[in-house]
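Visitor: Take this structure, written in structure tokens, and hold onto it; I'll ask about it next.
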Amino acid sequence: MAENKVRKVRCPQCGGESLWSPENPWRPFCSERCKQIDLGCWASDSYRIPVQTQPGEVDGELPDSPES
Ligand SMILES: [Zn+2]
Numbered sequence: 296m297a298e299n300k301v302r303k304v305r306c307p308q309c310g311g312e313s314l315w316s317p318e319n320p321w322r323p324f325c326s327e328r329c330k331q332i333d334l335g336c337w338a339s340d341s342y343r344i345p346v347q348t349q350p351g352e353v354d355g356e357l358p359d360s361p362e363s
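The opening residue of the sequence shown carries number 296 in the numbering used here; numbering runs sequentially from there.
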């Protein structure tokens, strides 16, 4: 029985197989690249601090306003 504590998980970035082991410092990602991509998502414009739109501060340009 080869129980070497290495599990295979799914890489959250590419969906591929990733080794969950101490030898994989990028776990749960499969590689450094996938981890960098994920970190890049957080650091780039695609994930910003959510801007709270004030309820009464909309521009008033609703596409389907009932009265026009
Ligand atoms: Zn990956």
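Cβ atoms here follow ideal geometry from the backbone N, Cα and C, with glycine treated the same way. Bear in mind the structure is a predicted one, so any value in this text is a computation, not a measurement.
Does the distance between the C-beta of S313 and the nearest non-hydrogen atom of ligand 1 fall short of 7 Å?
Guide: Yes - ligand 1 has a heavy atom lying nearer than 7 Å to the Cβ of S313.
Visitor: Tell me the residue span of the beta strand (DSSP E) that contains E312.
Guide: First-last of the beta strand (DSSP E) with E312: E312 to W315.
Visitor: Can you tell me whether Q308 sits near ligand 1, meaning its C-beta is under 7 Å from at least one heavy atom of the ligand?
Guide: Yes, the Cβ of Q308 comes within 7 Å of a heavy atom of ligand 1.
Visitor: By how many angstroms is the C-alpha of Q331 removed from the C-alpha of E312?
Guide: The alpha-carbon atoms of E312 and Q331 are separated by roughly 17 Å.
Visitor: Is R322 helix, strand or coil by DSSP?
Guide: In this structure, R322 counts as coil in the three-state DSSP scheme.
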